[in-house]
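Asker: Structure in C-alpha cells, see below.
Residue numbers (the working numbering): 474 to 559.
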C-alpha cells in the first residue's frame, strides 16, 4: 500500500505521540514504516470502532474523544483515520 502524501505528513508530524524517538524522517521513510507495520486507513469513526473491536482493542465505555486520543490513532485531513500499531 502506498499512503497519500498528506497522510504521511500527518504521521511524520505526530509520530512522537506513539514513539519515544522518530521512526521516520522523510515521506519515503514514513511510507516504508507504515507499510511494514501494516498501518491501515479507515474511512470514518464507525469503521475505527469496528477495527478496534475486531482486533481486540477494548474501547467499551470510552467516549468518542477518548478513542480518538488513543496514541495509535491519527486524524487525517480528509476525515479519515490512520491506525498505527506501535
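For glycine and all other residues, C-beta sits at the position ideal for the given N, C-alpha and C.
1. Would you say residue 554 and residue 514 are within 9 Å of each other, going by their C-beta atoms?
2. Where do the N-terminal and C-terminal ends of the alpha helix (DSSP H) with residue 541 fall, by residue?
3. From which residue to which residue does the alpha helix (DSSP H) around residue 521 run?
4. On a CA-only basis, which of 525, 492, 516, 520 is nearest residue 480? Give me that one, please.
5. Does DSSP put residue 544 in a helix, a strand or coil?
Answerer: Looking at the atomic coordinates:
1. yes
2. 537-541
3. 518-527
4. 516
5. coil
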